[in-house]
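Peer 1: Take the sequence shown: its position 252, counting from 1, is numbered 278 in this note's numbering, and each next residue is one higher.
Handing you a structure now.
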Amino acid sequence: MRFFAAFALLIASVSLAKAEVAEIRIAQQTSIAFLQFNVMKHRGLLEKHAAAAGVPDLKVTFATFNGSDAMNDALLAGAVDVVSGGIPGLVIIWAKTHGTSREVKGISAMARMPSLLVSRNPAVKTIRDLTAADKIAMPSVKSSTQAVLLEMAAAKEWGEANFEKLDPLTVAMAPSEATTGLLSGGGGFNAAFTVPPFQDMQLKDPAMHVVLDSRDVVGDASLSVGWTSKAFHDANPRVYRALIAAIEEASAFIAANPREAAGYFIADTKTRSDPEVVTGIVSGQGVVYSAVPKATAKMAGFMYRVGRIKVEAKSWKDLFFPDIHHLPGE
């Protein structure tokens with residue numbers, strides 16, 4: 027009797043493993059805020075944890091996108107399984123799919139680090155000094171982390187009714203292109219709101235200066251998060267748990283080996299940045315690679331109040347799957 031029970035359990039286990047995906051497709055952006063993915067790729071962490079969970083030979087593929095809008099479209103179309111971006115990108119698709127068959131929620135946070143609005147206009151010391159003559163390049167208008175941060179800063183400066191006051195100054199551009207244009211002075215804009223390592227590259231030019239620091243707007247906040255569909259989460263419990271474990275192991279690896287992790291980023295992005303500079307960013311002040319979400323409820327609350335989304339998140343836990351609800355998120 028025991029033999030048949032054990033055999034049945036084995037068959038059920040094998041069937042479950044076979045039911046899960048043989049390939050997981052991950053979308054990421056060319057920012058050091060998604061460094062866990064670079065580490066996972068080079069060290070085979072997701073494959074390792076999946077095999078340990080009973081899903082051997084998992085194929086892991088990565089695709090690069092610029093901005094959350096295109097990634098969300100790809101996720102809803104079934105072209106990718108996991109996407110990554112800023113908190114607003116998650117909040118928008120969470121609200122859009124809430125209560126539907128295509129429901130999407132967050133997996134975990136990835137990195138906390140400051141995002142800086144950098145300008146070459148010496149007359150612009152704060153956002154109050156910005157005029158119609160100033161243009162700000164950022165990953166995407168309205169929906170990027172930088173776009174929402176600028177709106178939150180405007181709301182703080184001029185009142186929430188005027189949160190879109192600076193929106194006409196913004197233009198969508200990939201951080202790498204924004205950096206090239208800002209440094210050359212010929213891009214048709216004189217400011218950029220980007221992420222590391224691009225903002226660090228910009229500030230090496232003495233003509234550049236910081237106008238706004240994200241920490242002055244939302245405090246210590248997650249700059250990057252990952253998310254997926256409920257359908258993928260529910261259908262692939264072992265692969266999903268392996269994904270969480272891989273993100274956590276990659277986070278610990280970065281903290282212990284910042285130089286090696288920086289090397290993975292340089293290799294994948296083919297950036298010409300000095301390895302010492304990138305290592306300094308990875309281990310810099312205010313930079314933390316962690317699955318713990320920070321300031322997600324704060325940004326989601328603002329987006330709901332100003333009408334950017336129609337569904338209110340009562341807690342940060344509304345935005346993320348229960349697998350990380352034990353963490354001290356915000």
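Glycine included, every Cβ here is placed at the ideal spot set by N, Cα and C.
I'd like the list of long-range same chain contacts for A326, defined as Cβ closer than 6 Å, with 5 residues on each side in sequence excluded.
Peer 2: V117 and A339
Peer 1: The alpha helix (DSSP H) that contains D187, what's its start and end?
Peer 2: The amino acid occupying residue 187 in the given sequence is Ala; Asp does not appear at that position. No alpha helix (DSSP H) contains A187, which DSSP labels as neither H nor E.
Peer 1: Taking the Cβ atom as the reference point for each residue, do I335 and A121 lie within a distance shorter than 7 Å?
Peer 2: For the 7 Å CB-CB criterion, I335 and A121 form a contact.
Peer 1: Classify R138 as buried or exposed, calling it buried when 16 or more other Cβ atoms lie within 10 Å of its own Cβ.
Peer 2: The Cβ neighbour count for R138, taken over all protein chains shown within 10 Å, is at least 16; the residue is labelled buried.
Peer 1: Quick one, which of A218, E186, S240 and N188 has its alpha-carbon nearest M199's?
Peer 2: A218
Peer 1: Excluding the 5 residues preceding and the 5 following L209 in the sequence, name in chain order all residues of the same chain whose CB lies nearer than 7 Å to its CB.
Peer 2: Q228 and D231
Peer 1: H19: buried (16+ other C-beta within 10 angstroms of its C-beta) or exposed?
Peer 2: A query on residue 19 cannot be resolved here, the shown segment of the chain reaching from 27 to 356 and no further.
Peer 1: Would you mind working out which of D155, G252, P223 and S134 sits nearest V106, comparing C-alpha positions?
Peer 2: G252
Peer 1: Given that a residue counts as buried once 16 or more other Cβ atoms are within 10 Å of its Cβ, and exposed if not, what is D95?
Peer 2: buried
Peer 1: Hey, F88 and I52 are a contact pair by Cβ (cut 8 Å); roughly how many whole angstroms apart?
Peer 2: 5 Å
Peer 1: Where does N216 land, buried or exposed, given buried means 16+ other C-beta within 10 angstroms?
Peer 2: buried
Peer 1: Taking the Cβ atom as the reference point for each residue, do L61 and E73 lie within a distance shorter than 7 Å?
Peer 2: no
Peer 1: Can you pull the DSSP bridge partners for I162?
Peer 2: For I162, the pairing in a beta bridge is given by DSSP as T196 and A217.
Peer 1: Among residues of its own chain, excluding the 5 on either side of V314, which ones have a beta-carbon nearer than 6 Å to its beta-carbon?
Peer 2: R138
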